[in-house]
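In the working numbering, the protein residues as written are 25 to 302. Report on the structure given below.
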Amino acid sequence: MGKALLGVLVALLGHGAAMAQDISRAESWGAVATPAPGPVRIIGSTGLGCIAGAVELPDDGPGWQSVRVSRNRHWGHPAMVAWVAAFAGRARAQGLPDLWIGDLSQPRGGPMTFGHASHQAGIDADIWLDLNAKPLVPASQRERIPEVSLVLPDGSGVDPARFTERHVALIRLAAQMPGLDRLLVNPAIKQELCRRHGGEAWLRRVRPWRGHDSHMHIRLPCPADQPECRGIMPPPPGDGCDATLAWWFTPEARRPQPRRPGPRPVMPAACAGVLGAR
């Protein structure tokens with residue numbers, strides 16, 4: 025191989041490595057303030073992916089108010105934005121107060137600098153479990169609203185002074201909404217739901233996960249018209265009120281061993297075009 029050709033190959037390999045590193049860098053995605061133009065296109069998964077053609081959830085609407093809007097994380101697939109708006113409307117119709125809406129995704133998805141390992145493909149949303157009455161608050165005043173945990177400090181159960189039947193009603197309403205893949209809550213919240221409503225079909229979609237003691241994490245399945253979207257297996261059959269839930273309260277789950285460092289995940293190559301689109 026000639027020296028000139030070798031030099032070209034080395035340069036190309038170096039450029040490819042630099043591009044892969046750049047599109048995996050959260051700061052690069054957070055710095056882009058607008059969605060990628062063109063039709064909606066989800067590439068990859070919620071934990072390693074991106075979205076073009078995202079739409080933005082309005083700062084407020086019938087039944088909701090978005091919080092921490094300065095983060096610019098209220099973007100998603102049109103189905104996700106429509107789901108949040110429809111759910112908030114149904115909650116209001118049932119007499120529940122406005123809902124605080126937390127993060128969806130960034131304008132082009134991708135990794136975030138803090139707060140989430142997922143939310144990268146426009147099909148995730150955080151809905152706070154704050155059911156206090158809320159007047160309409162200017163968006164600029166929703167930046168520092170504190171999240172309040174509904175779980176006891178030791179994680180053994182819900183806080184009976186804070187967790188109410190209205191929280192059950194809100195979670196059940198979300199779990200029964202059309203188009204939902206799954207809904208994540210703290211294991212202690214799932215445990216309490218099982219205690220009150222074990223055996224009911226809607227509990228299948230309610231899955232336990234660390235954190236999530238003050239909000240529920242909504243995830244939609246990959247839309248049927250998005251072949252590059254990579255989903256996960258649907259929840260297993262049953263209500264989930266079994267040994268898989270009990271495991272979350274074992275020492276193994278409460279004190280997980282740190283993972284050995286491995287290769288850094290690589291973003292789908294097509295996401296470079298989404299990040300750089302103008």
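Glycine included, every Cβ here is placed at the ideal spot set by N, Cα and C.
Coil, strand or helix - Q200 by DSSP: coil
For V297, three-class secondary structure by DSSP: The sequence given here places Gly at residue 297; Val does not occur at that position. Residue state, collapsed to three classes: helix.
Assess, as a yes-or-no matter, whether the region 123 to 133 is touched by the region 198 to 212 under the definition of 3 or more beta carbon pairs within less than 8 Å. no
Once DSSP output is grouped into helix, strand and coil, what is the label at Q89? strand
Report the three-state DSSP secondary structure of G71 (helix, strand or coil). In the structure shown, G71 sits in coil (DSSP, three-state: anything other than H, G, I, E or B).
May I have a chain-ordered list of the alpha helix (DSSP H) segments no shorter than 4 residues that lie completely inside the region 265 to 298? 267 to 270 and 275 to 278
With 16 other CB atoms within 10 Å as the buried threshold, where does D148 fall? buried
Does R243 come out as helix, strand or coil in the three-state DSSP assignment? strand
Distance, Cα to Cα, L174 vs R114? 23 Å
Note the first and the last residue of the continuous beta strand (DSSP E) segment covering A149. D148 to W152
What does the alpha-carbon distance come out to for the pair G119 and E167? One Cα belongs to G119, the other to E167, and the distance between them is close to 26 Å.
With R231 as the anchor, note down where its beta strand (DSSP E) starts and where it stops. Run containing R231: V230 to P232, per the beta strand (DSSP E) assignment.
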